[in-house]
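Below is one structure; the comments refer to it alone.
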Amino acid sequence: MDQTMSDEELSESGTSWIDWFLSQKGNELFCAVDEDYILDKFNLAGLNTEVPHYQLAVDLITDSLEEDLQQNVWEIVERSARQLYGLIHARYVLTTKGLTRMAEKFKRKEFGKCPRVLCEDQPVIPVAMIDQPGVKGVKLYCPRCEDVYHPSTKKHYSLIDGAYFTTSLPHLLLQMFPQLMPEKRSERYVPKIFGFRIHSISEEHRKQDAHKEAIEKQKQMMDFEE
Amino acid sequence: MDTKRSAYSHLFSADSNLESRPTSQNSMDFNPNIETAEMTAATPSSYTGSSSSAVSWIAWHCSLPGNEYLVEIPECKKFVTVAWIEDEFNLTGLSSMVPLYSLAIDMILDLEDEDNSDNSTEESESGKASKLRMVESSAQTLYSLLHQRFIITKAGLHCYKERLEEVEFGVCPRIGCGGCPVLPCGMSDLPGVSGMKLYCPRCQDIYKPRNMKFHTVDGCNFGTTFCHLLYLNYPELVPSINQESFADPSQAISKYSVYTPRIFGFKVSLVSPTGPSMQWLRWKEGIIEDDKVEDD
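Order-wise, the sequence lines are chains A and B.
With UniProt numbering applied, the first sequence covers 1 to 226.
With UniProt numbering applied, the second sequence covers 1 to 296.
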């Protein structure tokens, strides 16, 4: 991300920093965090040690930065603000309001589609592989095949930190809005040579089916216990 | 000869895609007066004449955007002994599948037809161009059918094996596959049914190519058989679930794993209506179920 925003630009455009941030290329996956949420200090507990110039960064996000900063300090604050917004975002998306916003984005297919052919362009949800920031990039979870995929390297958001979306987001989202759960399909791709199935692969498929039945039984037992 | 090539290049720039295939009605409008005898009559000396036009049709076709995954079927020019396309046996049955068959095969082989260029003075420029466009698109269809047949020969499989070892076709988008190289494949053996897909031998599933330019490539170029036949011929190219490097040791891949949905670190229950119910799809014998999913 090389774009930076100067004070003048901010005052001229009249938009808030958050709106500007969301409109940047590569930030399509983020949702808008309510300003009230950021202003409530309780929600930011513990974040002050995560980024340099914490207070200035909070001021920048909430558009209340009054001081004129030197160019080099400004750049650090700018970077801190982006990082801080991501960290706040990670907390916000697990709240009721945040989940609703993400569900809306999911319904509008703003996160992209599953690359698997049999999922037929099922919309995906961003997910992290690890909750610790700065370790792994964002991944995409497909609720139809229940698997995680790399975002296309062509997309700018493939470089965004996964921790800003948390490992729990897609699962919590579907728990909260079960109606968004797509219909599961048990069909699979069957490799064929001149129209004939392949012995070794069919055998693996039979083992998978046996495993599926075992899980079904386990599930019924758990249901019964309840 | 040069003029014909330049007439081609005019068409080439007009982005002649697979969609613009001529209907059978149009193909009846004019009568291709080339006999197969002419093909055999084309001597090497007449062929070398077209060397002035820098690239052969096949080389040009394979260099089009999106066609990078195709291979050039060796023609007589390069492999004197392997005149694969010129062997009539390899073309059996194709003549009924493509309109303007003999014109199309001549275009693929860069064979010039003298009669046609004489007659063309009487025809209008636009008529010539539309005819050329029709021949061009049926040549593309014919080439995809030929390509599908060629790549399942020993030479074709070997060529793709080498390209696969170089990881030319990209890697599986699925995280649990740990960057396993994929192969292009089709979902139908007939032209114009579905686009090219990518097959991952680890999860045995097919994916859409990420790059938009490959979305217009016909899956018929590869057919349904090719990738499975290749993996049967070269079983060492299928990475096992614990394998951590591909054919070339510098190409690192990580272990095969299955994703487990978790909320705040706790597994989502099987009983939950939104709980996991598709994990069997990626299950394999010998997999450690609670393995942390790794990527990159």
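C-beta: ideal position from N, C-alpha, C; glycine also.
- Sorting B/173, B/61, B/127, B/189 by C-alpha distance to the C-alpha of residue 110 of chain B places B/61 at the top.
- Taking C-beta separations shorter than 6 Å and ignoring five residues to either side along the sequence, the partners of residue 136 of chain A in its chain run 129, 130, 162, following chain order.
- In the DSSP assignment, residue 54 of chain A falls within the unbroken alpha helix (DSSP H) covering 54-61.
- Proximity of residue 215 of chain A to chain B, defined by a Cβ-Cβ separation below 8 Å, is satisfied.
- With respect to chain A, the C-beta atom of residue 60 of chain B has no partner C-beta closer than 8 Å.
- Residues 180, 202, 246, 253 of the same chain have their beta carbon placed closer than 7 Å to that of residue 239 of chain B, with the five preceding and five following residues left out of the count.
- According to DSSP, residue 147 of chain A shares a beta bridge with A/142.
- With a threshold of 8 Å between beta carbons, residue 243 of chain B makes no contact with chain A.
- Between the beta-carbon of residue 210 of chain B and that of residue 115 of chain A there is about 7 Å, and that keeps the pair under the 8 Å contact cut.
- Taking 3 residues as the minimum length, the segment 116-176 of chain B contains no beta strand (DSSP E) run wholly inside it.
- Counting only residues of its own chain and dropping the five nearest sequence neighbours on each side, residue 182 of chain A has a CB closer than 7 Å to the CB of 122, 143, 144.
- Residue range 169-176 is occupied by the alpha helix (DSSP H) that includes residue 170 of chain A, with no beta strand (DSSP E) assigned at that position.
- Non-local C-beta neighbours of residue 164 of chain B in its own chain, meaning closer than 7 Å and more than five positions away in sequence, comprise 181, 183, 237, ordered along the chain.
- Buried is the label assigned to residue 66 of chain B, since at least 16 other Cβ atoms lie within 10 Å of its Cβ.
- With a 10 Å radius around the Cβ and a threshold of 16 neighbouring Cβ atoms, residue 196 of chain B comes out buried.
- Beta-bridge partners assigned by DSSP to residue 252 of chain B: B/245.
- Annotation: residue 92 of chain A has no Cβ neighbours in chain B at a cutoff of 9 Å; minimum Cβ distance is about 16 Å.
- For residue 87 of chain B, there is no enclosing alpha helix (DSSP H), as DSSP marks it with neither H nor E.
- Straight through space, the alpha carbons of residue 87 of chain B and residue 161 of chain B are spaced by roughly 24 Å.
- Ranked by how close their Cα comes to the Cα of residue 150 of chain A, the residues A/126, A/18, A/19 have A/126 in first place.
- Distance from residue 232 of chain B to residue 188 of chain A at the Cβ level is roughly 19 Å; contact not present, criterion being Cβ atoms closer than 8 Å.
- Taken atom to atom, the span from the alpha-carbon of residue 179 of chain A to that of residue 17 of chain A is near 34 Å.
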